[in-house]
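Residues in the sequence shown are numbered from 148 upward in steps of one, following my numbering.
Where a beta carbon is used, it is the ideal one built from N, C-alpha and C, also for glycine.
To start, the structure under review is shown below, and the notes come after it.
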Amino acid sequence: MEQLFSFEGIGELLTAEFVQNALIACALLGVVAGSLAPLIVARGMAFAVHGSAELAFTGGAAALLLGISVGIGAAAGAIIAGAVFGILGLRERQRDSAIGVVLAFGLGLGVLLLAMYSGRASSKFGLLVGSIVSVTREDLIVLAVTAAVIILVTGVLYRPLLFSSTDPVVAAARGVPVRQLSVLFAVLVGLLTAVAVPIVGAILVLSVTITPGAAAARISSNPAVATVLAFAFAETALVGGALLSLAPGLPISGYVASISFLIYLCCRVIGKMRDPARASRLRARGPREPATSA
Numbered sequence: 148m149e150q151l152f153s154f155e156g157i158g159e160l161l162t163a164e165f166v167q168n169a170l171i172a173c174a175l176l177g178v179v180a181g182s183l184a185p186l187i188v189a190r191g192m193a194f195a196v197h198g199s200a201e202l203a204f205t206g207g208a209a210a211l212l213l214g215i216s217v218g219i220g221a222a223a224g225a226i227i228a229g230a231v232f233g234i235l236g237l238r239e240r241q242r243d244s245a246i247g248v249v250l251a252f253g254l255g256l257g258v259l260l261l262a263m264y265s266g267r268a269s270s271k272f273g274l275l276v277g278s279i280v281s282v283t284r285e286d287l288i289v290l291a292v293t294a295a296v297i298i299l300v301t302g303v304l305y306r307p308l309l310f311s312s313t314d315p316v317v318a319a320a321r322g323v324p325v326r327q328l329s330v331l332f333a334v335l336v337g338l339l340t341a342v343a344v345p346i347v348g349a350i351l352v353l354s355v356t357i358t359p360g361a362a363a364a365r366i367s368s369n370p371a372v373a374t375v376l377a378f379a380f381a382e383t384a385l386v387g388g389a390l391l392s393l394a395p396g397l398p399i400s401g402y403v404a405s406i407s408f409l410i411y412l413c414c415r416v417i418g419k420m421r422d423p424a425r426a427s428r429l430r431a432r433g434p435r436e437p438a439t440s441a
């Protein structure tokens, strides 16, 4: 257990610039993940996010092989995947089949590209499980700009996005551009995936893009409350995971995924405890008497 949990020298580590960069990056990613996670869950896009992560992995592997920025390659792969999945977003059966095909192709191609890469093994490993300590000030600027764009677009279009997520048929009937919003939201998810892969890796990106929203949905059906909870859960998992991984020197992704999973389990328990209590209160109120006219 000492290999997993150690706080020896953590005070000194917190003064290091690379650790401060890592914590800021986790905080920024938590804000973006918390704002999008409830909508991702409402749209049933968990599989699409996984597909975007695999294409981000493929893009990052291609970037390693070509000697260019891994972030650029991951972003290109994730955004392309997001756009394709968004176009197929209204055809659920076709969408899932297409995502499965693209996911398998992307994963296979990514493994092939990594095998062809003759550089440092740590670069390959970091692409899979993240390398938070390698985040630079320049990376923080890119992450901050990307986060600002995602939050701004989501904030401006939040109501139509929420409407089209909860009831796309009625939303389309009322003139909401559901297909265009589906493509736009998928691109936003692709951007989120692209900035998450360098931090938590392609394998466990779902732990910050899906789990906070799924946990929040277990204890609140109010969209605003669920968003606040998802934000808090994402920040707790990311910043907490970063702090726990410092002294042991282990990848952050395992800690983030574990914290997210524990939060989800707690929320499921709370949700199950609240459901009978809510039902009891409704039964205690009894049926409402119809209004009678004088």
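Query: Evaluate the contact criterion for the segment 208-221 versus the segment 357-374: three or more CB pairs, one atom per stretch, below 8 angstroms.; Result: no
Query: When you compare each of Ile171, Ala251, Gly266 to Gly214 by their alpha carbons, which one comes out closest?; Result: Gly266
Query: According to DSSP, is Leu183 helix, strand or coil?; Result: helix
Query: Out of Arg284, Gly257, Val258, Ala200, point me to the one whose CA is closest to Ile246's CA.; Result: Ala200
Query: What do you get for Leu299, buried or exposed, if any count of 16 or more other CB atoms within 10 angstroms of its CB means buried?; Result: exposed
Query: If distances are taken between C-alpha atoms only, which option among Cys414, Leu393, Leu409 comes closest to Thr162?; Result: Leu393
Query: Relative to the ligand FMN, is the shortest distance from any of its heavy atoms to the C-beta of Ala349 smaller than 7 angstroms?; Result: As far as ligands go, the structure on display features none, and thus does not contain the ligand FMN.
Query: Secondary structure at Ala438, three-state DSSP: helix, strand or coil?; Result: Confidence at Ala438 is low in this model, with a pLDDT of 49, below 50, so the placement of that residue should be treated as unreliable; the coordinate-derived value is given next. In the structure shown, Ala438 sits in coil (DSSP, three-state: anything other than H, G, I, E or B).
Query: Quick one: residues in its chain with C-beta nearer than 7 angstroms to the C-beta of Ser216, no 5 flanking neighbours on either side, listed in chain order?; Result: Ala210
Query: Would you kindly work out how many angstroms separate the C-alpha atoms of Ala361 and Glu285, rounded to a whole number?; Result: 32 angstroms
Query: Which whole-angstrom value is the C-beta distance of Pro385 and Val355, which I expect to be below 8 angstroms?; Result: Correcting the residue identity first, residue 385 is Leu in this sequence and not Pro. Indeed, because the Cβ distance is near 6 angstroms, the residues count as touching under 8 angstroms.
Query: Start and end of the alpha helix (DSSP H) containing Ala318?; Result: 315-320
Query: Give me the Cα-Cα distance between Val347 and Val416, rounded to the nearest whole angstrom.; Result: 27 angstroms
Query: Out of Leu397, Ala379, Ser281, Leu409, point me to the one whose CA is closest to Asn168's CA.; Result: Ser281
Query: Just how far apart, CA to CA, sit Ile399 and Ile406?; Result: 11 angstroms
Query: Taking the C-alpha atoms as reference points, what is the distance between Ile219 and Ala230?; Result: 16 angstroms
Query: On the criterion of 16 or more Cβ atoms from any shown chain inside 10 Å, does Gly255 qualify as buried, or is it exposed?; Result: exposed
Query: Return yes when the Cβ of Ile227 is within less than 8 angstroms of the Cβ of Ala341, no when it is not.; Result: no
Query: Which parts of the segment 357-430 are runs of the beta strand (DSSP E), unbroken and 3 residues or longer, counting only runs that do not cross its ends?; Result: none
Query: Name the two residues that bound the continuous alpha helix (DSSP H) containing Glu285.; Result: 284-303
Query: Between which two residues does the alpha helix (DSSP H) holding Leu347 run?; Result: In the sequence as displayed, the identity of residue 347 is Val instead of Leu. First-last of the alpha helix (DSSP H) with Val347: 325-347.
Query: Which term fits Arg321, buried or exposed, when burial requires 16 or more other beta carbons within 10 angstroms of its beta carbon?; Result: exposed
Query: Can you round the beta-carbon distance between Thr205 and Gly257 to whole angstroms, since I take them to be within the 8 angstroms contact cut?; Result: 4 angstroms
Query: Going by beta carbon distance, what residues of the same chain come within less than 8 angstroms of Leu160, once the five residues before and after it are set aside?; Result: Val166, Leu393, Ala394
Query: Could you give the residue range of the alpha helix (DSSP H) that holds Gly277?; Result: Counting along the chain, Gly277 falls outside any alpha helix (DSSP H), and DSSP gives it neither H nor E.
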